[in-house]
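Each remark here refers to the structure printed beneath this line.
Residue numbers (our numbering): 33 to 117.
Here it is in structure tokens:
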């Protein structure tokens with residue numbers, strides 16, 4: 033998003049009022065991938081995807097693939113664990 037880089041603001045300002053679980057004690061944030069469910073200007077649900085500096089395309093793809101695979105496994109485990117009654 034080259035055009036957005038010029039307008040970059042602090043993440044806390046960009047997502048004011050939102051909360052998330054902090055990093056473990058002693059960890060230092062280096063970069064972030066953010067997927068935000070939003071209401072657009074017409075009130076429709078939409079998604080915004082943002083990244084910070086410090087991520088190359090290979091790291092981003094790897095992180096998204098691993099997270100997708102883990103989520104897929106969790107959902108499958110939950111589905112297989114449901115009672116058929």
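Just so you know, even glycine gets a beta-carbon here, dropped at the ideal spot from N, CA and C.
So what's residue 51 in DSSP terms, helix, strand or just coil?
For this step, residue 51 is matched to residue 19 along the chain shown. Coil.
Whole-angstrom Cβ separation of residue 55 and residue 48, contact assumed at under 8 Å?
Residue mapping note: residue 55 aligns to position 23 of the chain shown, counting from 1. Residue mapping note: residue 48 aligns to position 16 of the chain shown, counting from 1. So it is not a contact: roughly 19 Å between Cβ atoms.
Among the residues of its own chain, which have a CB less than 7 Å from the CB of residue 84, if the five just before and after it don't count?
Along the chain shown, read from residue 1 onward, the residue named residue 84 stands at position 52. Within the same chain, residue 84 has close Cβ partners 63 and 64.
Could you tell me the distance, in whole angstroms, from the CA atom of residue 76 to the CA atom of residue 50?
Walking along the chain shown from the start, residue 76 turns up at place 44. Walking along the chain shown from the start, residue 50 turns up at place 18. If you take the alpha carbons of residue 76 and residue 50, they lie about 19 Å apart.
Tell me which residues share the same chain as residue 92 and place their Cβ nearer than 8 Å to its Cβ, disregarding the 5 neighbours each side in the sequence.
As a first step, residue 92 is located in the chain shown; it is residue number 60 there, counting from the start. Once the five neighbours on either side are set aside, the close Cβ partners of residue 92 are 65 and 83.
Would you kindly work out how many angstroms separate the C-alpha atoms of residue 89 and residue 105, rounded to a whole number?
For the purposes of this step, residue 89 is taken as the residue at position 57 of the chain shown. For the purposes of this step, residue 105 is taken as the residue at position 73 of the chain shown. Each residue's alpha carbon lies about 24 Å from the other.
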